[in-house]
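For reference, the structure discussed in these notes is given below.
Numbering (our numbering), first residue to last: 16 to 151.
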């Protein structure tokens, strides 16, 4: 378990950092010797702030989507370049028919990343050992 008791960093930052490493609220409360209710309160507050930030981003992206739709409409209506019209029409049809799905991201914790790096190092070491010339 990761211990992170540093006087120069506020306990809220420590709780959020440990949560980001994949520790549960119970583990964090034990590691920092804090009350479980206090840890859960900090984590809820952090989630609410993250949710508000995401909401602001969504509003910004929504405005950009409206601008993109308007631009595509203008290309379809007024462009003299047939290639641009065909690409714009194809994009609209792909979106309408659901053929183009937004890319999804994979979320992994720091612990999972470190484990994958260690596994890659082990495989590389085995490969180098297996590829080494046999002494005669």
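Positions of the beta carbon are idealized from the N, C-alpha and C atoms, including for glycine.
Where does the unbroken alpha helix (DSSP H) through residue i begin, and where does it stop?
i, result
"residue 96", "Note, residue 96: premise wrong, no alpha helix (DSSP H); not H, not E."
"residue 128", "125-146"
Can you grab the Cα-Cα spacing for the pair residue i / residue j, in whole Å?
i, j, result
"residue 73", "residue 139", "42 angstroms"
"residue 27", "residue 38", "14 angstroms"
"residue 101", "residue 87", "11 angstroms"
"residue 95", "residue 56", "59 angstroms"
"residue 137", "residue 124", "20 angstroms"
"residue 107", "residue 35", "39 angstroms"
"residue 60", "residue 66", "10 angstroms"
"residue 25", "residue 143", "46 angstroms"
Excluding the five sequence neighbours on either side, which residues of its own chain have a C-beta within less than 7 angstroms of the C-beta of residue i, listed in chain order?
i, result
"residue 109", "115"
"residue 54", "30, 40, 43, 44"
Considering only the beta carbon of each residue, do residue i and residue j sit closer than 8 angstroms?
i, j, result
"residue 90", "residue 83", "no"
Tell me whether residue i sits in a helix, a strand or coil according to DSSP, three-state version.
i, result
"residue 38", "coil"
"residue 50", "coil"
"residue 25", "coil"
Could you name the residues of the same chain whose beta carbon sits closer than 6 angstroms to that of residue i, not counting the 5 residues immediately before and after it, in chain order?
i, result
"residue 131", "none"
"residue 49", "none"
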